[in-house]
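According to the working numbering, the sequence shown holds residues 61 to 120 in order.
No residue lacks a Cβ here, since even glycine has one placed at the ideal position from N, Cα and C.
Heads up: the structure comes next, in C-alpha cells.
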Amino acid sequence: IAKQRFRGNEFTFKDEDLTDGCFCDLDLPVGIYSIIARQYDNGGLIDERTIVPKMIVILI
61 IAKQRFRGNE
71 FTFKDEDLTD
81 GCFCDLDLPV
91 GIYSIIARQY
101 DNGGLIDERT
111 IVPKMIVILI
C-alpha cells in the first residue's frame, strides 16, 4: 500500500507471482508517500509493516 502523507489517499499493489520474491511496480502520481507491506494467509491479515516511511515521487 502506498499512502499519500498529506491527502491520505491509498494505492494498493499486489504481488501475484511469489516465485521471484517480493516485487511490484508502483505507478503513483506525484506526492509524498509511506509504503506499507501487508502479509496475508487464507485466514486473513498476518502482519503489517511500514517499509519506507517517506518516499517522494516527482516528474522529471
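message: Using the Cβ count rule (16 or more neighbours within 10 Å means buried), how would you classify Y100?
response: exposed
Assumed close pair Y93, R65 - CB separation to whole angstroms, cut-off 8 angstroms: 6 angstroms
query: Hey, how far is the Cα of I118 from the Cα of E76?
result: 27 angstroms
- prompt: With respect to the beta strand (DSSP E) encompassing P113, which residues constitute its N-terminal and C-terminal limits?
  reply: G104 to V117
- prompt: Considering G81, what are the terminal residues of the beta strand (DSSP E) in which it resides?
  reply: Where G81 is concerned, there is no enclosing beta strand (DSSP E), given that its DSSP letter is neither H nor E.
task: Can you have a look at A97 and say buried or exposed, based on whether 16 or more other CB atoms are within 10 angstroms of its CB?
output: exposed
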